[in-house]
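The next block holds one structure in the form of structure tokens; read it before the comments.
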Amino acid sequence: MSYKFLLFDLDHTLLDFDKAEEVALTELLMECQVPDLQAYKDYYKPMNKAMWKDLEQKRLTKKELVNTRFAKLFEHFGKTVDGSYLAERYQAHLQDQGQTYAGAAELLATLRSKGYRIYAATNGITKIQTGRMNASDIATFFQAIFISEASGSQKPDKAFYDWIGQQIPDFDRKNCLMIGDSLSADIQGGNNAGIDSVWYNPHQLVNSSKAEPTYVVSNYQELLEILN
Numbered sequence: 007m008s009y010k011f012l013l014f015d016l017d018h019t020l021l022d023f024d025k026a027e028e029v030a031l032t033e034l035l036m037e038c039q040v041p042d043l044q045a046y047k048d049y050y051k052p053m054n055k056a057m058w059k060d061l062e063q064k065r066l067t068k069k070e071l072v073n074t075r076f077a078k079l080f081e082h083f084g085k086t087v088d089g090s091y092l093a094e095r096y097q098a099h100l101q102d103q104g105q106t107y108a109g110a111a112e113l114l115a116t117l118r119s120k121g122y123r124i125y126a127a128t129n130g131i132t133k134i135q136t137g138r139m140n141a142s143d144i145a146t147f148f149q150a151i152f153i154s155e156a157s158g159s160q161k162p163d164k165a166f167y168d169w170i171g172q173q174i175p176d177f178d179r180k181n182c183l184m185i186g187d188s189l190s191a192d193i194q195g196g197n198n199a200g201i202d203s204v205w206y207n208p209h210q211l212v213n214s215s216k217a218e219p220t221y222v223v224s225n226y227q228e229l230l231e232i233l234n
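Counting from 1 along the sequence shown, just add 6 to a position and that's the residue number in our numbering.
Printed below as a string of structure tokens:
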């Protein structure tokens, strides 16, 4: 198959969200002067991941996720806080974090030199994802960055991909490839939209979902081999 349009997921595919979250969360919790940083982090991270999964499955809204996760965190430790205010403070810290994985910039540079049109397709908050991309070393490789908050829909919804396609000149989904680490968002999204997909699977996870990737790669070199 000859591809022309590449849609890249960002977090856990090109951007190192784990590092970004660790720095932003540490800065927020230090600001709040919590007694045990690690205990708060250990509770927050799986809770936050589960809430994003609930958002994907439409079990809660983006506003509920953003405004309640820190209230739930502190409530677990017996404290009452303004969840919306802490969300703003966390976002201020997170939007400065542009850490990327080793080789990400080189991958994108190689693909651009081959004539591919490169776009980002990310579930997230516009202010945060825009800030993180601007702080990264990969922003200049993208022709556009499509963020779910701006569209009113998100991966894996077909509507999100329809919205993207309306904004890309001469877009043809038959010549498009979605690349990402999430089976439930990126790969299922590609399935829903009729777009081929690459499951970026560096940890060699087993696919026990209904999502069906066109290709599976464990590193950037394997992706380049598909696109050469």
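Quick reminder that beta carbons are idealized off the backbone N, C-alpha and C, glycines included. From a predicted model like this one, the values you see are computed outputs, not experimental measurements.
In this structure, does DSSP put residue i in helix, strand or coil?
{"i": "I124", "result": "strand"}
{"i": "D24", "result": "helix"}
{"i": "A217", "result": "coil"}
{"i": "G84", "result": "coil"}
{"i": "L211", "result": "coil"}
{"i": "L66", "result": "coil"}
{"i": "F147", "result": "helix"}
{"i": "I153", "result": "strand"}
{"i": "S119", "result": "helix"}
{"i": "D176", "result": "coil"}
Below 6 Å CB to CB, which residues in the same chain sit around residue i once its five sequence neighbours on both sides are set aside?
{"i": "T19", "result": "G186, D187 and Y206"}
{"i": "D60", "result": "L66"}
{"i": "T220", "result": "D202 and S203"}
{"i": "K51", "result": "none"}
{"i": "S90", "result": "N73"}
{"i": "G195", "result": "K161 and P162"}
{"i": "E33", "result": "H99"}
If you follow the alpha helix (DSSP H) that residue i is part of, which residue opens it and which one closes it?
{"i": "D42", "result": "No alpha helix (DSSP H) holds D42; DSSP gives it neither H nor E."}
{"i": "I170", "result": "K164 to Q173"}
{"i": "G89", "result": "G89 to L100"}
{"i": "G137", "result": "T132 to A141"}
{"i": "I232", "result": "Y226 to L233"}
When we look at the beta-carbon of residue i and count the other beta-carbons within 10 Å, is it buried (16 or more) or exposed?
{"i": "N309", "result": "Shown here, the chain extends from 7 to 234; a query on residue 309 therefore has no answer."}
{"i": "K161", "result": "buried"}
{"i": "T86", "result": "exposed"}
{"i": "L211", "result": "exposed"}
{"i": "E27", "result": "buried"}
{"i": "A108", "result": "exposed"}
{"i": "S119", "result": "exposed"}
If you follow the beta strand (DSSP E) that residue i is in, where does it begin and where does it stop?
{"i": "Y4", "result": "Outside the displayed span of the chain (7 to 234) sits residue 4, for which this structure offers no information."}
{"i": "D192", "result": "First-last for D192: undefined, no H or E at that position."}
{"i": "F11", "result": "F11 to F14"}
{"i": "I185", "result": "C182 to G186"}
{"i": "D202", "result": "D202 to Y206"}
Leaving out five residues on either side along the sequence, give the residues of the same chain with a beta carbon under 8 Å from the beta carbon of residue i.
{"i": "N140", "result": "G104"}
{"i": "A111", "result": "D143, I144 and F147"}
{"i": "L230", "result": "L113, T116 and L117"}
{"i": "I232", "result": "V204, Y221 and V223"}
{"i": "D178", "result": "K10 and F11"}
So, does the CB of residue i fall closer than 8 Å to a CB anywhere in chain D?
{"i": "T132", "result": "Included in the structure is just one protein chain, with no chain D present."}
Using a Cβ-Cβ cutoff of less than 7 Å, which residues in the same chain neighbour residue i once the five nearest sequence positions on both sides are dropped?
{"i": "D15", "result": "A127, T128, I185, G186, D187, S188 and D192"}
{"i": "Q149", "result": "R123, I124 and Y125"}
{"i": "A93", "result": "V72, N73 and F76"}
{"i": "N225", "result": "P208"}
With a threshold of 8 Å, are at least 3 pairs of Cβ atoms found where one atom belongs to the region 130-142 and the other to the region 38-53?
Verdict: no, contact absent.
Inspect the CB distances between the region 30-40 and the region 89-104 and report whether three or more fall short of 8 Å.
The region 30-40 vs the region 89-104: in contact.
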